[in-house]
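Using our numbering, the first residue of the sequence shown is number 334, and each one after it goes up by one. Step one of this worksheet: look at the structure below.
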Amino acid sequence: MTSPQSAIIQDPSKDRHSHESGVSIGPSVVKLLEKYDATGRPAAIPARFLSAAWRQRLRVINVVWNHNMSNWGCLYLILRANFDGMASETVPEPPPPKTTDGTVEYRGGKRATGVSYDKEKGLVHVQYVDVVSGEYGSVSAGMVIAADGVHSTIRKIMQVPTRKDYAGYVAWRGTVAERLLSKETVEYFTNRLNFTLLKGTYFISYLIPTEGGDVEPGNRLINWVWYFIVPEGSPEMAAIFTDVHGKLHPNTVPHGQINPNIWSKQIARYVSQMTPPLAEIVTKTPRPFVTKVGEAEATRSSFYDGRLILVGDAFTGFRSHLGMASEQAARHCLQMNRVWRGEITQEQRDREATLYARRFLLLNRMIGLTGLGLVWGVCRTGVAYVWLMVQHKLSLV
């Protein structure tokens, strides 16, 4: 934005603590960190294998598949240290700015209320309100990057036609400290991404750093996600999303607020089908949470002559099965860098981003439906994917 550059963030919290959720570190994230990260902190835990259990059969699939898994909070704090020099437990001594760096101002607690464009001056004006004080303000920029998530305020202000769908299932989630688990269980989950298929439901589990960035064995966390079919608007849905205080949440019941009776019944219903290591991590998780799984797809990503861009989840929100949210966001960063360098046009970048979004919407959907045993949905999604690639080959998309 204009000097100093600004980041307008609605969350008033300085640290923006996450749910300690796991996140996949894909090739675009790696490339971005290699180029710009000056903290020297490891951002992920590498793993060599992809494994699958079938109910209580511990290993029905075990193949080499190198990948890196991180903690959302850890990754965020590393990026903040590089962006505006914020100190944290993860990066207590942020790297000093380089002589080629500009200046930046991180404005927490601001919610965008309006956007306008001065075509003659080539400036985008963003109006906002302070969510704590109620004071209004504005900032002007030659380029506005809207990276405000799947519930994007900027996307709503711009009235971008957007498809938002509930996937038909929820994700129970949690992390448990490695030190609380048996040696056998830790060994079972080490160095691999684990799928566990039960009857009509499935789990993904893997090791991640702590939010403070600790990757040492004994101090790490095991992250798990349990995908479970719940019909929209059903009594079961209402019960799951009503917290311990009786409040009904629209999308997520946070840490520590799940009704313990609901959680106990959920575990009791399936624990006999689980492998012993999986049963141990689920039952020893102190503060699980639950969220609806969905996807969102905007019809456009750039506006105002390419001076306002929707990126990351603000443009397309994937189902969470492949952990691709950070990869898509990093890919958008690299794409915009190519635009600014004159290597591609904004129109070429938008087409590239749209194709990538459509591909991974379908691939994430296919993974989820496969794990849940919904064969007809898998077939239908597979056909849609093949048709998309045929259209791309014919230059129709």
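Every residue, glycine too, gets a C-beta built ideally from N, C-alpha and C.
Coarse secondary structure for residue i, derived from DSSP in three states
i	result
V719	helix
E453	coil
D481	coil
G447	strand
D646	helix
H578	coil
L540	strand
K532	coil
L554	strand
H739	Past the edges of the chain, shown from 334 to 730, lies residue 739, and the structure says nothing about it.
E520	helix
K497	strand
T508	strand
S336	Residue confidence for S336 is low, a pLDDT of 43 falling below 50, so the modelled location carries little weight; the figure read from the coordinates is stated next. It is coil, neither helix nor strand.
V320	Nothing in the structure corresponds to residue 320, since the chain is present only between 334 and 730.
E628	strand
P593	helix
G710	helix
I735	The question about residue 735 has no answer here: the residues shown for the chain are numbered 334 through 730.
R381	strand
A371	coil
I487	helix
S634	coil
R392	strand
Q724	helix
L366	helix
L513	helix
L526	strand
S357	strand
L696	helix
L702	helix
A474	strand
A601	helix
Contacts around residue i, its chain only, beta-carbon distance under 7 Å, and the 5 residues preceding and following it disregarded
i	result
Y283	Only positions 334 to 730 of the chain appear in the structure, and residue 283 is not among them; the question remains open.
K617	V509, L513 and L514
V424	T372, R374, L410, I411 and A414
G639	Q679
Q492	none
N584	T624 and K625
F561	Y502, V503, W505 and T534
L456	S473, A474 and G475
V483	A629, D646 and G650
A572	I595
Residue environment, residue i, which counts as buried when at least 16 other CB atoms sit within 10 Å
i	result
D434	exposed
E676	exposed
Q724	exposed
V519	buried
G551	exposed
A601	exposed
S567	exposed
Q681	exposed
T714	buried
L368	Per the sequence shown, the amino acid found at residue 368 is Lys instead of Leu. Its Cβ having fewer than 16 others within 10 Å, K368 is exposed.
E426	exposed
S403	buried
V615	buried
W673	exposed
V586	buried
W557	buried
C712	exposed
Beta-carbon proximity list for residue i, same chain, < 6 Å, skipping 5 on both sides
i	result
Q460	T446, G447 and S471
H654	N697, I700 and G701
S354	W405
T575	L581
V462	R444, T446 and Y469
A385	V393, I394 and F528
Cβ neighbours of residue i in the same chain (closer than 8 Å, five flanking residues each side left out)
i	result
A658	V356, G645, D646, G650 and F651
S634	I642, L643, V644, F648, D683, A686 and T687
M669	I478, I642, V644 and R682
Supposed close pair residue i, residue j - CB separation, criterion 8 Å
i	j	result
G391	T608	One point to set straight first is that residue 391 is Leu, not Gly, in the sequence displayed. Confirmed, about 6 Å.
L554	I537	14 Å between Cβ atoms; not a contact.
F382	W398	6 Å
L695	L721	7 Å
A376	I358	6 Å
E660	S361	5 Å
W596	P621	6 Å
I394	I541	Wrong, their Cβ atoms sit about 22 Å apart, outside the cutoff.
G545	E438	The pair is not a contact, with the Cβ atoms about 26 Å apart (cut-off 8 Å).
D481	I487	6 Å
K364	L667	7 Å
W387	L530	5 Å
Run through the segment 646 to 694 for me and flag every whole alpha helix (DSSP H) of 4 or more residues, listed as ranges in chain order.
658 to 673
Write down every uninterrupted run of the beta strand (DSSP E) in the segment 400 to 447 whose length is 3 residues or greater and which is fully enclosed by it, in chain order.
437 to 441
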